[in-house]
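J.: Attaching a single structure in structure tokens format; questions to follow.
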Amino acid sequence: MKMIEADALTVKYGDLYAVDDVSFNVAEQEIFGIVGPNGAGKTSTVECIEGLRRAHSGRVRVVGLDPWRERRALYGVIGAQLQDTAYQDRVRVGELCKLFSSLYRNPASYVELLEIMQLGDRRRALVSTLSGGQRQRLSIVLALLPNPRVVFLDELTTGLDPRARHQMWDLMLQLRERGLTIVLVSHYMDEVEAVCDRVAIMDGGRILVDGSVGDVVGRFDLLTEISFYAGLMQPGELAGLAGVQSVERQRNRIIVRGRSDEAVGAVLQYLGQNSVAYSGLVVKQPGLEEVFLELAGYRLSEASSTAAGERGR
Amino acid sequence: MDLRIALKLTVLEGKLFLRNYINVFFLLLFPSLILLLFGGMFGNEPAAIFGGYGTVDVSVPAYAGMIISVTGLMCLPLTLSEYREKKILKRFRATPLSPHYVIIAQIGVNLLMTVVGMLLLFITARIVFDLHFMGDFLPVVAVFLFSTLSIFSLGFLIAAVAPNMMAATAIAYLVYFPMLFLTGATIPIEMMPETMQKIAAVLPVTHVVKAMKAVWLGESIASVSNSLLLLAGITVVCFFLSFKLFRWE
Chain H
1 MKMIEADALT
11 VKYGDLYAVD
21 DVSFNVAEQE
31 IFGIVGPNGA
41 GKTSTVECIE
51 GLRRAHSGRV
61 RVVGLDPWRE
71 RRALYGVIGA
81 QLQDTAYQDR
91 VRVGELCKLF
101 SSLYRNPASY
111 VELLEIMQLG
121 DRRRALVSTL
131 SGGQRQRLSI
141 VLALLPNPRV
151 VFLDELTTGL
161 DPRARHQMWD
171 LMLQLRERGL
181 TIVLVSHYMD
191 EVEAVCDRVA
201 IMDGGRILVD
211 GSVGDVVGRF
221 DLLTEISFYA
231 GLMQPGELAG
241 LAGVQSVERQ
251 RNRIIVRGRS
261 DEAVGAVLQY
271 LGQNSVAYSG
281 LVVKQPGLEE
291 VFLELAGYRL
301 SEASSTAAGE
311 RGR
Chain F
1001 MDLRIALKLT
1011 VLEGKLFLRN
1021 YINVFFLLLF
1031 PSLILLLFGG
1041 MFGNEPAAIF
1051 GGYGTVDVSV
1061 PAYAGMIISV
1071 TGLMCLPLTL
1081 SEYREKKILK
1091 RFRATPLSPH
1101 YVIIAQIGVN
1111 LLMTVVGMLL
1121 LFITARIVFD
1131 LHFMGDFLPV
1141 VAVFLFSTLS
1151 IFSLGFLIAA
1161 VAPNMMAATA
1171 IAYLVYFPML
1181 FLTGATIPIE
1191 MMPETMQKIA
1201 AVLPVTHVVK
1211 AMKAVWLGES
1221 IASVSNSLLL
1231 LAGITVVCFF
1241 LSFKLFRWE
């Protein structure tokens, strides 16, 4: 079942297309990631789906509802964590939860949610005294109060320390297990790789590429990097091996780039058969980060050759 | 409108208001302290400069201007612009609650606190200086509430035109201090030279002070109709502009 359908969504600020003809679907219990640089149109896209922003054109449905026209019904089925929202000074965690609970007809128990989010002992605490991670978990508690079917998380982990980020990733996966559909807006490719089933990479208001993480990476002809220490070896020895595209030496380290499995197999076989003394061998598979950089580079060269300045940015 | 939610929000916002010590001081303590200062210096004996009335008897209604200015020109606009800047208003938009409730709650809390501030001043004056009340209850309450509405409209306008908290704070202070010191709301206008009294005449709080004093001392509402009409005009214009200019984010 499709929880979110966006079809040819466009958002304009004055003459600027912040979101330009964006289409995608999100299935039930999917974690869908939207990534891209600042100003790519991620938040504008999500805000249209959350009913916070009116689309210039296009069609959006969330659990079958029109987010702009049926806002009241919408906020009974979705939960939103907005990008860098703060709360009132001097409000206590429990007070905020109680207030938000009173806004919904059949709210989830905030006591339970606080417990799940490991904030059970912070009910009397002032929100302003919470750590960054705790505050984000509180935002999730508030987003989960309506017993939503879809949750939107906009830059949930920006500014959190690594431990808190990993905690958030585990949480997202747990929420999905409970039947939730999640839309995650992020800057971080590792985050998207860790939790998302599908991803859309946005820039300049458009979706450049979307699909499952594996698909997206596979669609680009990216090379695997094999590197190891082998002080006595000449790089040229490996040049002719199957799948190998380039070999270079950086000080004591040999770096081989080539087609993933073929090149790895060939290099390992060569090293074994010729009893080469090597150590610290690392195989780096291309990921979203590489895709993203490839796309960014692609756009840059495109922009300079086609005299930029049309619609978009 | 859902009264239950409006009430809950108002109660919570009221608690938050009272947890802000600066609010509590300037609204609930400062007016009484100033009264103790001036009352201590001049007592409450009939004085020629006040047309034969006692210093305290004229000061208490005048200080209504001081109290209304704190809530209307400081608390209200600064809270609203803070809530906008921190995206609290936006967060409420992503719930079934209309963010209008936040504004309703803010009006409720600030109105209530204005009344409480006035009552505290009244009690202090009564206990310490044997305050006299020469007017009728209803006109005084009516003029007080009308004045509050009028100054609140100015506060809304500040919240509407200020693009961020910094600007709101700057504008609020720029408006608040003249209203506090040049209008008779703190220092009796009778003590000011004529030129300053003329300048004061263009400040809305001057007319709040004038109208409050008049009805407090037993004059009719009609006797200050000019001041009240001016305040009414300000209210209409400010609310109209606020509705036009206010942005939720």
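Protein sequences appear in the order of chains H and F.
Read in this note's numbering, the first sequence has 279 at position 279, and its numbers run on one by one without any break.
Read in this note's numbering, the second sequence has 1180 at position 180, and its numbers run on one by one without any break.
Just so you know, even glycine gets a beta-carbon here, dropped at the ideal spot from N, CA and C.
#1: What three-state label does DSSP hand LEU232/H in the structure shown?
#2: Below 8 Å on the Cβ atoms is my guess for GLY4/H versus ILE49/H; work out the distance and round it to an integer in Å.
#3: Per DSSP, what kind of secondary structure is VAL1011/F in: helix, strand or coil?
#4: Excluding sequence positions up to five away, which residues of its chain have a Cβ less than 7 Å from the Cβ of GLY258/H?
#5: Flag this pair as yes or no: are the beta carbons of MET1179/F and LEU1073/F separated by less than 8 Å?
#6: Give me the Cα-Cα distance between ASN25/H and ARG249/H, rounded to the nearest whole angstrom.
#7: Looking only at DSSP bridge pairs, what is TYR227/H linked to?
#8: Can you pull the chain H neighbours of ILE1068/F, defined as C-beta to C-beta under 7 Å?
#9: How would you list, in chain order, the residues of chain F whose beta-carbon sits under 9 Å from the beta-carbon of ARG123/H?
#10: Counting Cβ pairs closer than 8 Å, one from the region 1059-1068 of chain F and one from the region 1178-1192 of chain F, do we hit at least three?
#11: Taking any Cβ of chain H, which residues in the region 1079-1103 of chain F have a Cβ under 7 Å from it, in chain order?
#12: How many angstroms separate the CA atom of GLU1085/F from the CA atom of GLU191/H?
#13: By Cβ distance, which residues of its chain are closer than 8 Å to ASP1136/F, with the 5 residues on each side in sequence left out?
#14: Closer than 8 Å, CB to CB, is ARG1019/F near chain H or not?
#15: Chain H beta carbons: is any one of them nearer than 8 Å to that of LYS1008/F?
#16: Determine the burial state of HIS1207/F: buried for a count of at least 16 other Cβ atoms within 10 Å of its Cβ, exposed for fewer.
#17: With distances taken Cα to Cα, identify the nearest neighbour of MET1098/F among ILE1005/F, SER1223/F, ASN1226/F.
#18: Whole angstroms are fine: how far does the CA of PHE292/H sit from the CA of ALA308/H?
#19: Pick from ILE1158/F, LYS1087/F, ASP1130/F, LEU1007/F: whose alpha carbon is nearest that of PRO1046/F?
#20: Where do the ends of the beta strand (DSSP E) carrying TYR17/H lie?
#21: Is PRO1178/F helix, strand or coil when you go by DSSP?
#22: Give me the chain H residues within the contact set of LEU1016/F, using Cβ-Cβ distance strictly less than 9 Å, ordered along the chain.
#23: Please list the terminal residues of the continuous alpha helix (DSSP H) segment that includes ILE1103/F.
#24: Just the Cα atoms here: how many angstroms apart are PHE228/H and VAL264/H?
#25: What are the residues of the region 101-124 of chain H that lie near chain B, defined by any Cβ-Cβ distance shorter than 8 Å?
#26: Please say whether SER1147/F and MET1212/F have beta carbons closer to each other than 8 Å?
#27: So the alpha helix (DSSP H) TYR104/H belongs to, where does it begin and stop?
#28: Taking the C-alpha atoms as reference points, what is the distance between VAL1140/F and PHE1133/F?
#29: Could you tell me whether the region 1075-1091 of chain F touches the region 1167-1179 of chain F, where touching means 3 or more Cβ pairs closer than 8 Å?
#30: Would you grab the beta carbon distance between CYS97/H and VAL150/H for me? Rounded to a whole angstrom, and I think it's under 8 Å.
#31: Is the Cβ of LEU184/H closer than 8 Å to any Cβ of chain F?
#32: When you compare only the Cα positions, how much space is there between ARG105/H and VAL62/H?
T.: In brief:
#1: Coil at LEU232/H, not helix or strand.
#2: A quick correction: the sequence has Ile, not Gly, at residue 4/H. ILE4/H to ILE49/H, Cβ: 6 Å. Contact.
#3: Of the three classes helix, strand and coil, the one that applies to VAL1011/F here is helix, per DSSP.
#4: The answer, listed in chain order, is LEU223, THR224, GLY243, VAL244, GLN245.
#5: Their beta carbons are under 8 Å apart, which means MET1179/F touches LEU1073/F by this criterion.
#6: For the pair ASN25/H and ARG249/H, the Cα-to-Cα distance works out to about 45 Å.
#7: Residue identity check: residue 227/H is Ser in the sequence provided, not Tyr. The partner list for SER227/H (beta bridge, DSSP) reads ILE255/H, VAL282/H.
#8: Going along chain H, no residue has its Cβ under 7 Å from ILE1068/F, so there is no contact; the nearest lies around 23 Å.
#9: Correct list: empty, because the minimum Cβ distance to chain F is about 15 Å.
#10: Cβ pair count under 8 Å is three or more, so yes.
#11: From the region 1079-1103 of chain F, only LYS1086, LYS1087, ILE1088, LYS1090, ARG1091, ARG1093, ALA1094, THR1095, PRO1096, LEU1097 have a Cβ closer than 7 Å to chain H.
#12: The straight-line gap separating the alpha-carbon atoms of GLU1085/F and GLU191/H is approximately 28 Å.
#13: Take ASP1136/F, set aside five residues on each side of it, and the residues of its chain with a beta-carbon closer than 8 Å to its own are VAL1215, GLY1218, in chain order.
#14: Closer than 8 Å to some Cβ of chain H, the Cβ of ARG1019/F qualifies, so yes.
#15: At least one chain H Cβ lies under 8 Å of LYS1008/F.
#16: With 16 or more Cβ atoms within 10 Å of its Cβ, HIS1207/F is classed as buried.
#17: First, the residue type needs correcting, since residue 1098/F is Ser and not Met in the sequence shown. That would be ILE1005/F, whose Cα lies nearest to the Cα of SER1098/F.
#18: Low confidence applies here, because ALA308/H scores a pLDDT of 38, under 50, leaving its location unreliable; read the following figure in that light. One C-alpha to the other measures close to 20 Å.
#19: With respect to the C-alpha of PRO1046/F, the residue from ILE1158/F, LYS1087/F, ASP1130/F, LEU1007/F having the closest C-alpha is ASP1130/F.
#20: DSSP places TYR17/H inside the beta strand (DSSP E), whose first and last residues are 16-27.
#21: DSSP places PRO1178/F in helix when its eight states are reduced to three.
#22: Simply GLN88, ASP89, ARG90, VAL91, GLU95.
#23: 1100-1129 is the extent of the alpha helix (DSSP H) around ILE1103/F.
#24: Whole-angstrom Cα-Cα distance: 12 Å.
#25: Absent from the structure is chain B; the protein chains it does hold are H and F.
#26: Yes, they are a contact pair.
#27: Where TYR104/H is concerned, there is no enclosing alpha helix (DSSP H), given that its DSSP letter is neither H nor E.
#28: Between VAL1140/F and PHE1133/F, the C-alpha separation is close to 10 Å.
#29: Here the region 1075-1091 of chain F lies against the region 1167-1179 of chain F, with 3 or more beta-carbon pairs under 8 Å apart.
#30: The pair is not a contact, with the Cβ atoms about 21 Å apart (cut-off 8 Å).
#31: LEU184/H does not count as touching chain F.
#32: So the alpha carbons of these two residues sit roughly 20 Å apart.
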